[in-house]
Amino acid sequence: MPLIGDSDLDVLPLAVGGNVFGWTADEPTSFALLDAFSEAPGVSIDTADGYNHWVHGHVGGESETIIGRWLAARPGKRDDVVIATKAGTHTQFRGLAAATIAAAARASLERLGTDRIDLYWAHWDDASVPLEETAAAFSRLVDEGLVRWIGLSNYSADRIDEWFAIAERHHLHAPVAHQPGYSLADRGFETGTRDAATRHHLGVLPYYSLAAGFLSGKYRPGQLPEGERLGRASHYFTDHGWRVLAALDEVAAAHGAAVASVALAWLRAQPTVVAPIASASHVEQVPELLASTTLELTPDELAALTAASA
């Protein structure tokens with residue numbers, strides 16, 4: 002199993018997206034999904050303190066709470082999974098000031114029912130706070146034993162470079178991971194922050210790895226089902242999107258595999274990528290996501306998919 006950057010976190014090359022827990026997956030379904038995913042060794046679970054504040058009546062932390070209840074109901078499971086969560090978007094702990102980070106981390110730990118966060122992400126860059134303050138606050142959590150490793154989500158290349166310069170100057174714990182939006186349908190990462198990830202040996206765990214479900218193959222011209230996430234997926238209903246999907250169909254047919262498996266396998270094969278993040282709302286979707294971790298595409302198939310998505 003691959004390691005995340007310079008950390009000792011060896012993980013399955015697929016991370017479980019926890020944004021759906023408490024949203025499109027209720028608690029019993031979330032438990033069933035976590036049970037199914039955790040049958041694979043080295044599974045990592047990606048969530049955030051802000052998930053899922055966008056749901057009516059929610060404030061954030063609902064996903065973490067469900068994960069915590071699942072862990073409590075599965076004695077001994079905690080050491081078998083990697084828990085990653087993020088700071089900065091909970092309605093009561095917005096931003097990345099030092100005091101906010103300290104309080105948010107402890108609130109996340111309580112919801113998760115654990116004594117440590119394996120990978121703690123700065124969810125979004127907070128330009129209103131000096132980066133020295135934010136970097137020091139995250140490093141302090143590592144010193145306190147509450148966090149094992151640090152990650153940067155949605156940071157620009159310049160700000161990643163700046164964080165590392167601060168860490169070196171002040172002898173702080175440096176980040177080991179980067180989380181950008183990245184998929185076969187949206188490859189901005191390649192000309193955005195990939196060089197920074199390479200420079201700093203950051204393991205990349207992309208979100209929207211299935212383009213909000215578009216690359217699952219469930220959306221087709223003239224056959225567009227409704228759903229909670231249709232609004233985001235509709236961004237890809239273009240000639241470019243349908244061309245990518247056609248190329249995926251061809252490769253999937255050659256392997257007798259699901260379109261989603263092929264899309265994730267392509268992403269897993271890209272430089273710096275350790276584990277794409279993918280979520281499921283139904284247990285029946287789990288096998289095709291896990292299948293991506295062992296699906297090996299030929300160089301010609303990778304090239305064809307890359308060309309179709311250019």
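Sequential numbering from 2 applies to the sequence shown in my numbering.
Positions of the beta carbon are idealized from the N, C-alpha and C atoms, including for glycine.
In angstroms, rounded to a whole number, what distance separates the CA positions of Leu303 and Thr239? The residue you call residue 303 lines up with position 302 of the sequence shown. The residue you call residue 239 lines up with position 238 of the sequence shown. Approximately 22 angstroms between the Cα atoms of the pair.
By a C-beta neighbour count over all protein chains shown, 10 Å radius and 16 as the cutoff for buried, is Gln180 buried or exposed? The residue given as residue 180 occupies position 179 in the sequence shown. By the neighbour-count rule (16 or more Cβ atoms within 10 Å), Gln180 is buried.
Buried or exposed: where does Ala105 fall if 16 or more other Cβ atoms within 10 Å of its Cβ makes it buried? Sequence index remark: in the sequence shown, residue 105 carries index 104 (1-based). Classification of Ala105: buried, given that the 10 Å Cβ count is 16 or more.
Thinking C-alpha only, which one of Ala197, Ser140, Thr295, His54 is nearest Ala264? Mapped onto the sequence shown, residue 264 falls at position 263. The shortest C-alpha separation from Ala264 is found at Thr295.
Leaving out the 5 sequence neighbours to the left and right, which residues in its chain are closer than 6 angstroms to Ser31 when beta-carbon positions are compared? Taking the sequence shown and counting its residues from 1, the one referred to as residue 31 is at position 30. Excluding residues within five positions, the ones whose Cβ falls inside 6 angstroms are Phe22, Ile67.
Between which two residues does the beta strand (DSSP E) holding Ser154 run? As a working note, residue 154 is residue 153 in the sequence shown. It spans 148-154 - the beta strand (DSSP E) in which Ser154 sits, taken as one unbroken run.
Assumed close pair Leu142, Pro176 - CB separation to whole angstroms, cut-off 8 angstroms: Taking the sequence shown and counting its residues from 1, the one referred to as residue 142 is at position 141. Taking the sequence shown and counting its residues from 1, the one referred to as residue 176 is at position 175. Contact flag wrong, Cβ pair sits at about 12 angstroms.
Can you name, in chain order, every residue of its own chain whose Cβ lies under 7 angstroms from the Cβ of Thr92, other than the five neighbours on each side? Position 91 of the sequence shown, counting from 1, holds the residue named residue 92. So the list reads His54, Val60, Gly61, once near-sequence residues are dropped.
Which runs of the beta strand (DSSP E) spanning at least 3 residues fall entirely within the region 11-98, listed in chain order? 16-18, 45-47, 83-88
For the region 269-311, which segments carrying the alpha helix (DSSP H) assignment without a break, of at least 4 residues, lie completely within its bounds, in sequence order? 287-292, 300-309
For the region 208-225 and the region 188-195, state whether three or more C-beta atom pairs, one from each stretch, are separated by less than 8 angstroms. no
From which residue to which residue does the beta strand (DSSP E) around Trp122 run? As a position in the sequence shown, residue 122 is number 121, starting the count at 1. Trp122 -> beta strand (DSSP E) spans 118-123.
Whole-Å CB distance - Ile278 paired with Leu120, under 8 angstroms assumed: Locating residue 278 in the sequence shown gives position 277, where the first residue counts as 1. Locating residue 120 in the sequence shown gives position 119, where the first residue counts as 1. Contact flag wrong, Cβ pair sits at about 12 angstroms.
Taking DSSP as the reference, what is the three-state secondary structure of Ser184? Sequence index remark: in the sequence shown, residue 184 carries index 183 (1-based). If DSSP states are grouped into helix, strand and coil, Ser184 belongs with the strands.
Can you round the beta-carbon distance between Leu97 and Val148 to whole angstroms, since I take them to be within the 8 angstroms contact cut? Here residue 97 corresponds to residue number 96 of the sequence shown, with the count starting at 1. Here residue 148 corresponds to residue number 147 of the sequence shown, with the count starting at 1. That belief does not hold up - the Cβ atoms of Leu97 and Val148 are roughly 14 angstroms apart, past 8 angstroms.
Let me know if Arg233 comes out buried or exposed under the rule of 16 or more other beta-carbons within 10 Å of its beta-carbon. The residue labelled residue 233 in the question sits at position 232 within the sequence shown. Label assigned to Arg233: exposed.
Proximity of Ala305 and Ala248 at Cβ, strictly below 8 angstroms: Along the sequence shown, one-based indexing puts residue 305 at 304. Along the sequence shown, one-based indexing puts residue 248 at 247. Contact: yes.
Consult DSSP for His241 and reduce its assignment to one of helix, strand or coil. By 1-based counting over the sequence shown, the position of residue 241 is 240. Reduced to three states, the DSSP call for His241 is helix.
Quick check on Val177: does DSSP put it in helix, strand or coil? Walking along the sequence shown from the start, residue 177 turns up at place 176. Val177: coil per DSSP, three-state reduction.
Is the CB-CB distance between His310 and Val245 below 8 angstroms? For the purposes of this step, residue 310 is taken as residue 309 along the sequence shown, with counting starting at 1. For the purposes of this step, residue 245 is taken as residue 244 along the sequence shown, with counting starting at 1. Correcting the residue type first, residue 310 is Ser in the shown sequence and not His. Yes, the pair counts as a contact, with Cβ atoms nearer than the cut-off.
Arg1: buried (16+ other C-beta within 10 angstroms of its C-beta) or exposed? No statement about residue 1 is possible, as the shown extent of the chain runs from 2 to 311 and does not include it.
Continuous alpha helix (DSSP H) stretch holding Val143: start and end: The residue labelled residue 143 in the question sits at position 142 within the sequence shown. Unbroken alpha helix (DSSP H) run through Val143: 132-144.
Gly214 in three-state terms, based on DSSP: Position 213 of the sequence shown holds residue 214. Here Gly214 sits in helix by DSSP.
DSSP-derived helix/strand/coil call for Leu382: Since the first residue of the chain shown is 2 and the last is 311, residue 382 is not available in this structure.
Spatial neighbours of Phe394 in its chain, beta-carbon cut-off 7 angstroms, leaving aside the 5 residues before and after: Nothing about residue 394 can be read from this structure; the chain reaches only from 2 to 311.
Quick check on DSSP: helix, strand or coil for Gly204? On the sequence shown, residue 204 is found 203 positions in, with the first residue counted as 1. Looking at Gly204 - three-state DSSP - the assignment turns out to be strand.
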